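S.K.: Right, I'll just put the structure down here and ask away after.
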Amino acid sequence: MKFGIMISEGPYTHQATDTAYQFVKAALAKGHQIHRVFFYHDGVNNATRLTEPPQDDRNIVNRWSKLAEEHGIDLVVCVAAALRRGILEENLAKGFRISGLGQLVESGIQADRLVVFGD
Amino acid sequence: MTESTGGIEVEEETAGRVKKFMFVNRKAPYGTIYALEGLEVVLISAAFDQDVSLAFVDDGVYELVKGQATKGIDVKNFSPTYRALEGYDIEKLYVDAESLKARGLTEENLIVPVEVLSNEEMADLMAAQDVVISF
Chain A
204 MKFGIMISEG PYTHQATDTA YQFVKAALAK GHQIHRVFFY HDGVNNATRL TEPPQDDRNI
264 VNRWSKLAEE HGIDLVVCVA AALRRGILEE NLAKGFRISG LGQLVESGIQ ADRLVVFGD
Chain B
1311 MTESTGGIEV EEETAGRVKK FMFVNRKAPY GTIYALEGLE VVLISAAFDQ DVSLAFVDDG
1371 VYELVKGQAT KGIDVKNFSP TYRALEGYDI EKLYVDAESL KARGLTEENL IVPVEVLSNE
1431 EMADLMAAQD VVISF
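Here it is in structure tokens:
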């Protein structure tokens, strides 16, 4: 099955992005495809390369970057939501790209299921 | 690939495919950004010629209440945008009856014409969708 993913919450404050990450990993392990991961609302904060969590904690941003690199996953950050929150090309982590909301709607059309992770 | 500002250019794989999209609005219009940014997705979806409907449940029913006065909190009153949806051919607005009643509201308090549904009818409608995005 081809999944589209939407993440509506930022890292660390909220579990949404952790759960989405575990879901994506499990789906890939079962042989499913991930059409796209779309970051919206405070979810765009998952895309900043400026986070520095403590050594003994998971690095949420790098974890997404690594997964994107290993599996060629399209990580898309909403431009309007990103600009509001100071997420710009220059502080974008590896593997993420900034694009429009149309990418979310498109994912809904092209994926078999769109799964929303949020509050 | 679609263009970066809104993705209005529609990919070949997407063109001609019509799915049933439902946007579920659950939050009050102010206090958090979900309602406002949710409405932005609804407007973009109109460019893709999909079968779009909106559901208003829980505090989401407040998004449609008449006479929103936001000057005191220095936030833009975006409720007139709901009236503009008709111009985008987005005319299917459903409101949960229990959510209205629990907040002392009736259809007369709302800024746009809606269809009021029972829990059961709303559930059936959601089950009939291809894509459900909640805000």
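Residue numbers (the working numbering), protein chains in the order written: chain A, 204 to 322; chain B, 1311 to 1445.
Idealized CB from N, CA, C, for every residue including glycine.
Note that the structure is predicted; figures quoted are calculated from it, not measured.
#1: Under 7 Å, do residue 294 of chain A and residue 266 of chain A count as touching if we go by C-beta distance?
#2: For residue 279 of chain A versus residue 239 of chain A, is the C-beta spacing smaller than 7 Å?
#3: Among the candidates B:1336, B:1325, B:1343, B:1326, whose CA atom is the shortest distance from the CA of residue 1442 of chain B?
#4: 7 Å is my cut-off, CB to CB: does residue 1330 of chain B come that close to chain A?
#5: So, at 6 Å on beta carbons, what are the nonlocal neighbours of residue 254 of chain A in its own chain, with the 5 sequence-adjacent residues on each side left out?
#6: According to DSSP, simplified to helix, strand and coil, what is residue 1404 of chain B?
#7: Opposite residue 1335 of chain B in the DSSP bridges: which residues?
#8: Residue 304 of chain A and residue 1351 of chain B: beta carbons closer than 7 Å?
#9: Cα separation between residue 1368 of chain B and residue 222 of chain A?
#10: Would you call the segment 1340-1357 of chain B in contact with the segment 1409-1426 of chain B, where contact means no fewer than 3 C-beta pairs closer than 8 Å?
#11: Buried or exposed: which applies to residue 1339 of chain B, given that a residue is buried once 16 or more other Cβ atoms fall within 10 Å of its Cβ?
#12: Considering only residues of the same chain and omitting the five flanking positions on each side of residue 1402 of chain B, which have a CB-CB separation below 8 Å?
#13: Using 7 Å as the limit for Cβ to Cβ distance, is residue 1270 of chain B near chain A?
#14: For the beta strand (DSSP E) containing residue 207 of chain A, list its first residue and its last residue.
#15: Under 6 Å Cβ to Cβ from residue 1404 of chain B, same chain only, skipping five residues before and after it: list those, please.
#16: Return the residue from the list B:1374, B:1408, B:1355, B:1334 that minimises the CA-CA distance to residue 1430 of chain B.
#17: Between residue 1420 of chain B and residue 1374 of chain B, which are expected to be in contact by the criterion C-beta below 8 Å, what is the C-beta distance as a whole number of angstroms?
#18: Have a look at A:216, A:243, A:233, A:272 and flag the residue whose alpha-carbon is nearest the alpha-carbon of residue 256 of chain A.
#19: Once DSSP output is grouped into helix, strand and coil, what is the label at residue 306 of chain A?
#20: Which residues bound the alpha helix (DSSP H) around residue 1374 of chain B?
#21: Going along chain A, which residues have a C-beta under 8 Å from residue 1358 of chain B?
#22: Closest to residue 1417 of chain B by C-alpha separation, out of B:1390, B:1376, B:1433, would be which residue?
#23: Please check if any C-beta of chain A sits within less than 7 Å of the C-beta of residue 1355 of chain B.
#24: Can the beta-carbon of residue 1355 of chain B be found less than 7 Å from the beta-carbon of residue 282 of chain A?
M.R.: Looking at the atomic coordinates:
#1: It is not a contact, given that the beta carbons lie outside the stated cut-off.
#2: In this structure, residue 239 of chain A lies closer than 7 Å to residue 279 of chain A by Cβ.
#3: B:1336
#4: no
#5: Excluding positions up to five away in sequence, the list reads 264.
#6: strand
#7: B:1366
#8: A contact, by the Cβ cut-off of 7 Å.
#9: 24 Å
#10: no
#11: buried
#12: 1362, 1363, 1364, 1425
#13: The first residue shown for chain B is 1311 and the last is 1445, placing residue 1270 of chain B beyond what the model contains.
#14: 205-210
#15: If the five residues before and after residue 1404 of chain B are omitted, its C-beta is found closer than 6 Å to the C-beta atoms of 1365, 1425, 1427, all from its own chain and listed in chain order.
#16: The shortest C-alpha to C-alpha distance from residue 1430 of chain B to any of B:1374, B:1408, B:1355, B:1334 is the one to B:1408.
#17: 4 Å
#18: Nearest of A:216, A:243, A:233, A:272 to residue 256 of chain A, Cα basis: A:216.
#19: helix
#20: Here residue 1374 of chain B belongs to no alpha helix (DSSP H), and DSSP marks it neither H nor E.
#21: The contacting residues are 305, 308, 309, 312.
#22: Taking residue 1417 of chain B as reference, the option from B:1390, B:1376, B:1433 with the minimal CA-CA separation is B:1376.
#23: yes
#24: no
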